[in-house]
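Under the numbering used here, the letters of the sequence shown match residues 1169 to 1542, in that order.
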Amino acid sequence: MTLSSVDFDFMAHAFRLAERGLYTTMPNPRVGCVLVKDGQVIAEGWHIRAGEAHAEVNALNSAADNARGATAYVSLEPCSHTGKTGPCSQALIDAGIARLVYGMEDPNPLVSGNGIAMVRAAGIQVDGPVLEDDARALNPGFIRRMERKLPYVRCKMAMSVDGRTAMASGESKWITGPKARADVQRLRARSCAIISGVDSILQDNASLTVRVDELGLPDAEEAAAKQPLRVILDSQLRTPRTALMFKQSTPILLVHNGKVEAAQLQGWPDFVELIALPGKDGRIDLNALLRELAKRHCNEVLVEAGATLSGSFLRRGLLDEIIIYMAPKLLGSNALPLFGLPLDTMPAALSLKIKDIRAVGRDWRITAAPDTEY
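Rendered as structure tokens:
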């Protein structure tokens, strides 16, 4: 493999293009493509939304006949199968490119090396992977679903400096400021599903939708066009049918434990689907829930719940990422904790790896992951 610094620069360009599909490509991966000839970018493209042309085809359409002899920089291996669109590997071959540089192999078993093999078999030089860690970071959910049949699970929490999430009464509006809340809306917009619990619905009466006016994005309407699946964990179906979330008719998955009366299963709006996922002690099986969401092509899932449900996900090792918004406030010792973790000794403490800390308005956003190697 012969690579130069220029190759890395053009691949980074492809990554930036892929990021433009952050809110719109699911359940497909985010992909960017740059076509270069004589050291100059002649065309570029990215996958805009599922069901439409892929990044390579968008770039090739822009380049037209000028693509012949060019180098294609693609953040993800070109697909080799026909789905809603044709195989991008064949499109690159037909366009007469001279070289392909890819960021990472496609983890989709329908592709997984086949696209690269097709291009190479056509006599085209192929180099890669290039900046593979950065390429993987573009699509954590798609990769997790393809490799492990599970979605990538984030948990979002807001707390005071003293680690409290709400007053003892349950009052929590608002711990954080408007910029942090806008950041949460963007987390929702990039997620295929939002998981919450019935207690949070009873306490906060949240709609769990992406609100266009709070996104703070130039293309907010497009980012919010595909609302995430709202998943409510309600073992005994206590969710009131007058809840605010039923005012917007985007899909809701209401999950119970299978031990409810037949009458409780009747009379829900047609956009509400009920499903039984019984676990131990009358609870819901969280592992089964995540497998079910993966079957429904959910890539990234956001948990927005109280301390008890969030703590259950954490204790069971089901969280890939934890995002904590810390407000410059003190709620006091009577307020509620961040996670429901009944720990008594230091050896029982759970360790986290801090991945990023940055200011979001007056608040701080901490991005962490469970540290399994500590």
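Note that beta-carbon positions come from the ideal geometry of N, C-alpha and C, so glycine has one too.
Practice prompt. Provide the residue span of the alpha helix (DSSP H) that contains leucine 1370, from first to last.
Written response: Here the question's residue 1370 lines up with position 202 in the sequence shown. Residues 1366-1372.
Practice prompt. Just grab the DSSP bridge partners of methionine 1314 for me.
Written response: Along the sequence shown, read from residue 1 onward, the residue named residue 1314 stands at position 146. Paired residue(s): none; methionine 1314 is not in a bridge.
Worksheet item: Of the residues Val1174, Glu1220, Asp1372, Ala1305, which one's Cα is nearest the Cα of tyrosine 1241?
Response: For this step, residue 1241 is matched to residue 73 along the sequence shown. Each of Val1174, Glu1220, Asp1372, Ala1305 was checked against the Cα of tyrosine 1241, and the nearest Cα belongs to Val1174.
Worksheet item: Using a C-beta cutoff of 7 Å, does alanine 1218 count as contacting chain D?
Response: Among the chains of the structure shown, chain D does not appear; only one protein chain is present.
Fill in: Euclidean distance between Cα positions of proline 1246 and isoleucine 1284
For the purposes of this step, residue 1246 is identified with residue 78 of the sequence shown, where counting begins at 1. For the purposes of this step, residue 1284 is identified with residue 116 of the sequence shown, where counting begins at 1. Spanning the two alpha carbons is a distance of roughly 7 Å.
Practice prompt. Would you decide whether glutamate 1441 is buried or exposed? Buried here means 16 or more other CB atoms lie within 10 Å of its CB.
Written response: Your numbering for residue 1441 matches position 273 in the sequence shown. Classification of glutamate 1441: exposed, given that the 10 Å Cβ count is below 16.
Item to complete: From the DSSP output, read off the bridge partner residues of methionine 1325.
Response: Position 157 of the sequence shown, counting from 1, holds the residue named residue 1325. Per DSSP, Ile1492.
Discussion item. Just to confirm, is the Cβ distance from alanine 1227 to alanine 1211 under 7 Å?
Written reply: Within the sequence shown, the letter at position 59 stands for residue 1227. Within the sequence shown, the letter at position 43 stands for residue 1211. Cβ atoms of alanine 1227 and alanine 1211: closer than 7 Å.
Worksheet item: Are the CB atoms of glutamate 1187 and cysteine 1201 nearer to each other than 7 Å?
Response: Along the sequence shown, read from residue 1 onward, the residue named residue 1187 stands at position 19. Along the sequence shown, read from residue 1 onward, the residue named residue 1201 stands at position 33. Cβ distance not < 7 Å, so glutamate 1187 and cysteine 1201 don't count as in contact.
Worksheet item: From this set, Met1286, Pro1496, Glu1389, Asn1196, which residue's C-alpha is nearest asparagine 1599's C-alpha?
Response: This structure does not reach residue 1599, given that the chain is present from 1169 up to 1542, and the question cannot be answered.
Worksheet entry | Reduced DSSP secondary structure (H/G/I, E/B, other) of arginine 1398 | On the sequence shown, position 230 is the one that residue 1398 refers to. Looking at arginine 1398 - three-state DSSP - the assignment turns out to be strand.
Worksheet item: In angstroms, rounded to a whole number, what distance separates the CA positions of aspartate 1488 and tyrosine 1320?
Response: Taking the first residue of the sequence shown as position 1, residue 1488 is located at position 320. Taking the first residue of the sequence shown as position 1, residue 1320 is located at position 152. Roughly 6 Å separates the two Cα atoms.
Discussion item. If distances are taken between C-alpha atoms only, which option among Met1325, Gly1500, Asn1229 comes closest to arginine 1533?
Written reply: Against the sequence shown, residue 1533 aligns to sequence position 365. Checked all of Met1325, Gly1500, Asn1229; the closest Cα to arginine 1533 is Met1325.
Worksheet entry | At least three beta-carbon pairs within less than 8 Å, the segment 1459-1471 to the segment 1356-1376 | yes
Item to complete: Would you check if there are 3 or more beta carbon pairs closer than 8 Å linking the segment 1504-1511 to the segment 1455-1467?
Response: no
Item to complete: Quickly, what does DSSP pair valine 1242 with across the bridge? List them, please.
Response: Sequence index remark: in the sequence shown, residue 1242 carries index 74 (1-based). Partner(s): Cys1201, Tyr1270.
Item to complete: Along the beta strand (DSSP E) that carries isoleucine 1443, what are the first and last residues, could you check?
Response: In the sequence shown, residue 1443 corresponds to position 275, counting from 1. First-last of the beta strand (DSSP E) with isoleucine 1443: 1440-1444.
Worksheet item: Expressed to the nearest angstrom, what Euclidean distance is found between the alpha-carbon atoms of leucine 1383 and isoleucine 1343?
Response: For the purposes of this step, residue 1383 is taken as the residue at position 215 of the sequence shown. For the purposes of this step, residue 1343 is taken as the residue at position 175 of the sequence shown. Approximately 18 Å between the Cα atoms of the pair.
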